[in-house]
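Chemist:
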Amino acid sequence: MAQAPAVATAESVEVPPKSSKKILFIIIAVVVLAIGGGAAYYFLGGKHAEEADQAVAKEKEAKPEVYLPMEVFTVNLHSDVDMQQQFLQVSMTLQMPTDKDVEKIKERMPEVRNRILYVLSTKKASEINTVEGKDRLVKEIIDQINLPFYGSEKSQAVTTLFFTSFIIQ
């Protein structure tokens, strides 16, 4: 008779022991990844960043910027080479964070207008007829307005200036 193949029993089959080094390596890798993920979550913001973003958004919604239109300015420009007389007529609006800032500017309007006139009257038409020239002019005017007023140490809070009319003749 033919013999039946022997069935392997648990005792007869030798299982090689699992390497403890391999298991240890896997555990260390999992721990390092968990720590890295936690650190990334913490440093990239997590809940704190979401709360801060929401708080900033609520502040912006609650406090819209305030605008202050200025009267028209008409100044003589410095002449270029041909010595032809040129004029600048410009209207602008100032942007500030609060009504309190607007009131402070209104109280000192003669001084503000004087500062703006000084800046405008030092320009040549060729300096301010380009977009870049106008951008530089905006920055110069804002810098002058934001200087502390005479007899004060506190600066103003003009954030932006918009030209509403700009004519060079």
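Under my numbering, think of the first position of the sequence shown as 72, with each following residue one higher.
Glycine included, C-beta positions come from ideal geometry on N, C-alpha and C.
1) Could you have a look at residue 143 and say whether DSSP puts it in helix, strand or coil?
2) Once you ignore the five residues that flank residue 212 on each side, which residues in its own chain have a CB closer than 7 angstroms to its CB?
3) My assumption, with CB atoms under 8 angstroms, is that residue 160 sits in contact with residue 143. Please give the rounded CB distance.
4) Using the C-alpha atoms, what's the distance from residue 90 back to residue 99?
5) In terms of alpha-carbon separation, which member of 93, 217, 104 and 96 lies closest to residue 172?
6) Can you name, in chain order, every residue of its own chain whose Cβ lies under 6 angstroms from the Cβ of residue 192, other than the five neighbours on each side?
7) For residue 167 and residue 111, which I take to be in contact (beta-carbon distance under 8 angstroms), what is that distance rounded to the nearest angstrom?
8) Among 122, 230 and 165, which one has its Cα closest to the Cα of residue 141?
9) Using a 10 Å radius around the Cβ and a threshold of 16 neighbouring Cβ atoms, would you call residue 163 buried or exposed?
10) Can you give the Cα-Cα distance for residue 101 and residue 116, rounded to whole angstroms?
11) Out of 230, 185, 157 and 237, state which residue places its alpha-carbon closest to the alpha-carbon of residue 204.
12) Residue 158 and residue 240 - do their beta-carbons sit closer together than 8 angstroms?
13) What residues in its chain sit with their C-beta under 8 angstroms from that of residue 150, if we drop five residues either side in the sequence?
14) What are the boundary residues of the beta strand (DSSP E) that residue 150 is part of?
15) Quick check on residue 166: does DSSP put it in helix, strand or coil?
Modeler: According to the structure shown:
1) coil
2) 187, 190 and 232
3) 6 angstroms
4) 15 angstroms
5) 217
6) 146
7) Incorrect: roughly 40 angstroms between the Cβ atoms, too far for contact.
8) 165
9) buried
10) 23 angstroms
11) 237
12) yes
13) 156, 157 and 195
14) Run containing residue 150: none; DSSP gives neither H nor E here.
15) strand
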